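Asks:
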Amino acid sequence: MNSAIGNYVPFDATINSAKTVITLNPESDMESDKIYYVAVTAALEDMNNTPVTAVSATFRTADVTPPTVKFSPSHGELDVPVSKRITITFSEAVRLLNNGELTSSNADALITLRKDNASGENVSFDATVSGTKTVITITPASGLDSNQIYYAAIDASLEDKSDNAITAASVTFTTVAIFEDIAADIIGVGRSAAAWGDYDGDGYSDILLTGFDYEGIAEIYRNDEGRFYKATELDGVYFGSVAWGDYNKDGMSDILVTGVDSTNSIGGVARIWRNEEGSFTEDTGVNLPGVYHSAVAWGDYDKDGDPDILLAGYDGQSSIAKVFQNNNGMFTDIEAGLTGVYYASAAWGDYDKDGDLDILLTGNDGMSRVSKIYRNDNGKFTDIG
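Heads up: the sequence shown runs through residues 42 to 426, numbered per the working numbering.
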């Protein structure tokens with residue numbers, strides 16, 4: 042059994058005792074809804090030695106394969122967007138079991154959409170059917186909830202043109218968890234700065250917060266398995282910046298704070314608070330220029346193993362931007378030649394992948410807005426223009 046140009050189909054042939062019927066038996070079942078070609082050559086003759094004429098025929102097998110059903114999102118899929126529309130795609134056009142047309146008007150009745158599982162809360166939706174009758178799109182009436190399991194199903198009430206019914210199918214999927222207010226008991230502030238850091242070494246990120254609440258504040262909130270409790274109050278500042286960093290290499294996160302303090306110092310303040318097993322003491326031996334409208338960042342620019350300081354802001358007379366080298370907890374201005382800025386932002390990063398930290402600096406220099414990158418060449422900083 043062989044088509045003129047198709048794939049050969051292995052078979053076994055038998056002939057009856059009267060020599061009038063040859064039966065072809067394929068080695069495996071023929072495929073559904075396929076065209077087959079069979080031919081007999083002129084190698085046969087009758088009892089009078091008259092050759093038979095070569096003949097051939099083609100036929101199509103019956104369609105006995107039901108349409109496949111594919112859901113999107115797929116079963117078990119996670120982090121599904123809450124705006125996602127659910128689709129059911131069939132491998133061929135489908136209709137109702139009674140040979141009726143599948144339409145957007147009758148599709149809703151064939152589908153189930155619930156929260157959690159098959160017994161969960163019903164979810165209102167609208168279903169639309171594509172013109173090809175191969176896709177049903179399910180649009181929830183009010184979108185999907187975040188971080189929610191959904192169950193979607195279609196029953197076995199559809200068939201193809203050959204009356205092959207689909208198999209009932211279902212999926213469950215989970216939508217993405219989006220941010221929501223945890224109602225943490227944290228003071229509201231303006232003119233503020235905040236940073237995460239694990240000051241007590243328990244593996245949870247705690248909060249350092251400064252800002253203005255009728256007066257300057259500086260507070261640390263301890264993260265106790267997702268609940269926040271005010272643990273420490275420091276001298277308050279606002280219009281400032283904060284950063285965590287272990288400047289004395291004792292394994293505990295210390296604090297660098299700048300801003301305007303309660304005395305309304307003309308030039309602002311810059312303080313390092315040393316972390317001593319969860320209690321904070323100002324290191325009065327550190328002499329940094331006080332600034333506000335400021336930015337600070339820790340970074341080991343000289344690769345000696347301890348974090349140095351990048352500091353920018355307004356000191357009461359002019360805008361400044363400086364790098365202070367950390368030598369065992371003592372800080373020295375390296376006179377890096379940076380453009381002074383206030384309303385500043387500053388960050389370390391190795392933009393040229395040479396293994397040392399470069400500087401990104403933005404703000405106002407008193408005349409215009411500034412954005413600069415300074416390349417670190419063995420501890421010397423060059424404006425790359």
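The beta carbon of each residue, even a glycine, is placed where N, CA and C say it ideally should be.
These numbers come from a predicted model, not from an experiment.
With three or more C-beta pairs closer than 8 Å as the rule, is the region 208-225 touching the region 109-117?
Replies: yes
Asks: Taking its Cβ as the centre, do 16 or more other Cβ atoms sit within 10 Å of R410, making it buried, or is it exposed?
Replies: Taking every protein chain shown into account, the CB of R410 has fewer than 16 other CB atoms within 10 angstroms, so this residue is exposed.
Asks: Quick one: using the 10 Å Cβ neighbour count with 16 as the cut-off for buried, is G238 buried or exposed?
Replies: buried
Asks: Go ahead and pull the three-state DSSP assignment for A193.
Replies: strand
Asks: Where do the N-terminal and C-terminal ends of the beta strand (DSSP E) with K363 fall, by residue?
Replies: 360-368
Asks: Applying the 10 Å Cβ sphere with the 16-neighbour rule, what's the burial state of P107?
Replies: Label assigned to P107: buried.
Asks: Would you check if the region 249-258 and the region 271-278 touch, i.e. whether three or more CB-CB distances between them fall below 8 Å?
Replies: yes
Asks: If we call anything under 8 Å between Cβ atoms a contact, is S282 one with S335?
Replies: Taking 8 Å as the cut-off, the beta carbon of S282 is found closer than this to the beta carbon of S335.
Asks: Once the 5 residues before and after S183 are set aside, which same chain residues still bring their CB inside 8 Å of it?
Replies: S165
Asks: Helix, strand or coil: how does DSSP classify A150 here?
Replies: helix
Asks: Considering only DSSP beta bridges, list what I350 is partnered with.
Replies: W339, F365
Asks: Going by the beta-carbon positions, is the gap between N205 and D104 smaller than 8 Å?
Replies: It is a contact, given that the beta carbons lie within the stated cut-off.
Asks: By how many angstroms is the C-alpha of V123 removed from the C-alpha of L154?
Replies: Each residue's Cα considered, the two are about 14 Å apart.
Asks: Hey, quick one: how far does the beta strand (DSSP E) through G252 stretch, first residue to last?
Replies: 247-253
Asks: Per DSSP, M371 forms a beta bridge with which residues?
Replies: N368
Asks: Taking all protein chains shown into account, decide if P51 is buried (16 or more other Cβ within 10 angstroms of its Cβ) or exposed.
Replies: exposed
Asks: If you draw a straight line from the alpha carbon of A59 to that of R136, how long is it in whole angstroms?
Replies: Per the coordinates, the alpha-carbon of A59 lies some 48 Å from the alpha-carbon of R136.
Asks: Going by C-alpha distance, which of T61, L401, L329 is nearest I375?
Replies: L329
Asks: Quick check on the DSSP output: what are the complete beta strand (DSSP E) runs of length 3 or more inside the region 231-295, in order along the chain?
Replies: 231-238, 247-253, 257-265, 268-286
Asks: List the endpoints of the continuous beta strand (DSSP E) containing P330.
Replies: Careful: P330 lies outside any beta strand (DSSP E) and carries neither H nor E.
Asks: Name, in chain order, the residues that DSSP records as bridge partners for V212.
Replies: Note: V212 is bridge-paired with A193 in the DSSP secondary-structure output.
Asks: What does DSSP give as the partner residues of K413 in its beta bridges?
Replies: L402
Asks: Roughly how many angstroms separate the alpha carbons of Y392 and G420, rounded to a whole number?
Replies: 15 Å
Asks: My output table needs one value for K60: the three-state DSSP class, helix, strand or coil.
Replies: Three-state DSSP puts K60 in coil, outside helix and strand.
Asks: With C-beta atoms as the reference, is G242 less than 8 Å away from M293?
Replies: yes
Asks: Short of 7 Å in beta carbon distance, which residues of its chain neighbour E162, apart from the five on each side in sequence? Order them along the chain.
Replies: R155, K156
Asks: Within this structure, are the beta carbons of V301 and G309 separated by less than 8 Å?
Replies: Cβ distance < 8 Å, so V301 and G309 count as in contact.
Asks: Have a look at V62 and I56 and give me their C-alpha separation to the nearest angstrom.
Replies: Their backbone Cα atoms lie some 6 Å apart in a straight line.
Asks: Restricting to Cα atoms, I'd like to know which of Q189, P92, D418 is closest to D397.
Replies: D418
Asks: Give the straight-line distance between the Cα atoms of V327 and Y191, rounded to the nearest whole angstrom.
Replies: 58 Å
Asks: Quick one: grab the DSSP three-state call for D167.
Replies: The answer is strand: DSSP assigns D167 an E or B state.
Asks: Using the C-alpha atoms, what's the distance from A197 back to K174?
Replies: Each residue's alpha carbon lies about 16 Å from the other.
Asks: Alpha carbon to alpha carbon, how far is A95 from A150?
Replies: 56 Å
Asks: Figure out for me which residue from D265, I129, L352 has the closest Cα to the Cα of A225.
Replies: D265
Asks: Given a cut-off of 8 Å, decide if A284 and A338 are closer than it, judged by their beta-carbon atoms.
Replies: For A338 and A284, yes; Cβs fall inside 8 Å.
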